[in-house]
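Chemist:
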Amino acid sequence: MPIAAPETIETTSTRIACDGGGPLGHPRVWLEIDPKSGFVECGYCDRKYVLKPGSAPDH
482 MPIAAPETIE TTSTRIACDG GGPLGHPRVW LEIDPKSGFV ECGYCDRKYV
532 LKPGSAPDH
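Taking our numbering, the leading residue of the sequence shown gets 482, the next gets one more, and so forth.
Here it is as structure tokens:
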């Protein structure tokens, strides 16, 4: 049985809260996108958050 690829979400913010979604998610964690790499992955659910091109870093 093939394993589904982790979800990828585009965002304009470098600071994101991830809770895994749905009623059976995981504890909320705060993630920070490094503007140099342009993405961050959640350690619980493997969701990948990608910074949209042209987005300014949050202050």
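Every residue gets a Cβ at the ideal spot worked out from N, C-alpha and C, and that includes glycine.
1) Tell me, to the nearest whole angstrom, how far the beta carbon of Tyr-525 is from that of Ile-497; I am working on the premise that it is less than 8 Å.
2) Report yes if the C-beta distance between Glu-491 and Arg-528 is below 8 Å; otherwise report no.
3) Can you give me the C-alpha to C-alpha distance between Val-521 and Leu-505, rounded to a whole angstrom?
4) In the DSSP assignment, find the unbroken beta strand (DSSP E) run with Cys-523 in it and report its ends.
5) In the DSSP assignment, what residue or residues form a beta bridge with Glu-513?
Modeler: If we stick to the structure as given:
1) For the purposes of this step, residue 525 is taken as the residue at position 44 of the sequence shown. For the purposes of this step, residue 497 is taken as the residue at position 16 of the sequence shown. No, Tyr-525 and Ile-497 are not in contact; Cβ-Cβ is about 13 Å, not under 8 Å.
2) In the sequence shown, counting from the first residue as 1, residue 491 sits at position 10. In the sequence shown, counting from the first residue as 1, residue 528 sits at position 47. No, the Cβ-Cβ distance between Glu-491 and Arg-528 is not below 8 Å.
3) Translated into the one-based positions of the sequence shown, residue 521 becomes position 40. Translated into the one-based positions of the sequence shown, residue 505 becomes position 24. The straight-line gap from Cα to Cα measures roughly 22 Å.
4) Along the sequence shown, read from residue 1 onward, the residue named residue 523 stands at position 42. Unbroken run through Cys-523: none, as it is neither H nor E.
5) Locating residue 513 in the sequence shown gives position 32, where the first residue counts as 1. DSSP, once it has assigned bridges, lists Arg-496 as partnering Glu-513.
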